[in-house]
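Chemist: In UniProt numbering, the protein residues as written are 1 to 284. Heads up, the beta-carbon is just placed ideally off N, CA and C, and yes, glycines get one too. Here the structure is a predicted model, which means the values were calculated and not measured. Mind having a look at this structure? Questions to follow.
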């Protein structure tokens with residue numbers, strides 16, 4: 001078997017095992033419960049409000065953005081945090097010693113974080129069935145669109161999260177960097193709303209990144225066709241959504257492994273111990 005294919009296969013197995021372990025980790029479960037509950041509370045508070053000038057509930061208009069930003073946050077920030085922690089505790093150093101170890105590591109991280117993100121998405125969707133009456137009328141096509149947009153959105157963000165995480169020297173720096181980038185992109189992404197009200201140059205910036213297309217794809221799946229009139233060009237642009245998310249996915253999967261390998265080549269036991277000493281000093 002090709003070494004890269006074998007490493008990817010091991011990565012799939014590792015990702016599944018890590019996901020199962022996370023289901024018994026109180027810290028992981030607590031984080032998932034808190035973040036998912038926050039989204040559900042927002043939908044609950046908006047359930048009786050209407051979008052001005054329409055019969056569409058505010059909760060129904062918000063739900064696609066909640067699903068999209070959940071995928072993006074878990075993909076980008078989840079990968080950043082995991083890489084920073086595992087760089088400090090020596091996991092990356094051990095992966096470096098294996099043939100094609102960084103490929104297996106990246107695949108494993110994509111699988112485990114994707115499963116965690118999908119679990120959160122399903123919980124929000126189940127809550128949405130009770131809080132958003134419009135959701136019960138969604139057909140098979142809508143659910144298939146949710147599925148492929150979520151899947152591509154995760155693959156479009158997870159490898160880039162790993163790349164960003166490789167730039168940070170500590171989990172604290174990684175968290176700060178990821179939140180700064182995610183906040184900046186989210187503020188102009190239009191993931192919760194059409195970007196037609198933004199300046200033209202901001203519209204161009206938003207469309208260059210996957211967050212906008214995640215929001216657009218989820219709105220296309222779950223909102224009525226009439227809502228497309230508020231979007232750029234008056235259309236959901238499914239082919240453009242597919243193309244941009246696919247391009248970010250391919251670019252990330254191609255570029256992340258060599259960047260991680262280059263970062264891993266600079267890793268050593270002495271550097272790892274130095275970071276651990278700094279971490280212990282911060283705690284002390």
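Could you check which residue in 85, 248, 249 has the C-alpha nearest to that of residue 165?
Modeler: Among 85, 248, 249, the Cα nearest to that of residue 165 belongs to 85.
Chemist: Assuming residue 190 contacts residue 215 (C-beta within less than 8 Å), just tell me the rounded distance between them.
Modeler: About 6 Å; that satisfies the 8 Å criterion.
Chemist: Per DSSP, what are the beta-bridge partners of residue 50 in this structure?
Modeler: Looking at the DSSP assignment, residue 50 forms a beta bridge with 57.
Chemist: Could you check whether residue 64 and residue 222 sit closer than 8 Å to each other, using their CB atoms as the reference points?
Modeler: Yes; because the gap between Cβ atoms is below 8 Å, this pair is in contact.
Chemist: Measuring only from the beta carbon, is residue 246 closer than 7 Å to any heavy atom that is part of the ligand GTP?
Modeler: Here there are no bound small molecules, and the ligand GTP is not part of this structure.
Chemist: Where in the region 179-228 do unbroken runs of the alpha helix (DSSP H), each at least 4 residues long, occur, reported from the N-terminal end onward?
Modeler: As far as the region 179-228 is concerned, its whole alpha helix (DSSP H) runs of at least 4 residues are 200-207, 210-222.
Chemist: May I have the straight-line CA-CA distance separating residue 202 from residue 231, to the nearest angstrom?
Modeler: One C-alpha to the other measures close to 15 Å.
Chemist: DSSP three-state label for residue 231, please.
Modeler: It is coil, neither helix nor strand.
Chemist: Assign residue 151 to one of three DSSP states: helix, strand, or coil.
Modeler: Residue 151 falls in the helix class under three-state DSSP.
Chemist: Measuring only the C-alpha atoms, how far is residue 55 from residue 179?
Modeler: Taking the straight line from one Cα to the other gives about 35 Å.
Chemist: Under three-state DSSP, which class holds residue 13?
Modeler: In the structure shown, residue 13 sits in a helix (DSSP, three-state: H, G or I).
Chemist: Can you tell which of 158, 174, 145 has the C-alpha that lies nearest to the C-alpha of residue 236?
Modeler: Among 158, 174, 145, the Cα nearest to that of residue 236 is on 145.
Chemist: Here's a check: name, in chain order, each residue in its chain whose Cβ is nearer than 6 Å to the Cβ of residue 212, leaving out the five neighbours to either side.
Modeler: For residue 212, where only same-chain residues beyond five positions count, the Cβ hits under 6 Å are 189, 190, 206.
Chemist: Could you give the C-beta distance for residue 124 and residue 36, rounded to a whole number, given that I count them as a contact under 8 Å?
Modeler: The Cβ separation is near 6 Å, so the contact holds.
Chemist: Rounded to whole angstroms, what's the CA-CA distance from residue 72 to residue 30? Just pull it up for me.
Modeler: Cα to Cα, residue 72 sits roughly 19 Å from residue 30.
Chemist: Could you tell me the distance, in whole angstroms, from the CA atom of residue 126 to the CA atom of residue 40?
Modeler: Roughly 10 Å between the two C-alpha positions.
Chemist: Which class does residue 5 belong to by DSSP, given the choice of helix, strand or coil?
Modeler: DSSP places residue 5 in helix when its eight states are reduced to three.
Chemist: How would you write the range of the alpha helix (DSSP H) that residue 104 sits in, first residue to last?
Modeler: Element bounds for residue 104: 101-131.
Chemist: Quick one: what does DSSP say residue 24 is sitting in, helix, strand or coil?
Modeler: Of the three classes helix, strand and coil, the one that applies to residue 24 here is coil, per DSSP.
Chemist: DSSP three-state label for residue 251, please.
Modeler: Residue state, collapsed to three classes: helix.
Chemist: For residue 182, which residues of its own chain have a beta-carbon under 8 Å away from its beta-carbon, when the five flanking residues on both sides are left out?
Modeler: Excluding residues within five positions, the ones whose Cβ falls inside 8 Å are 72, 73, 76, 77.
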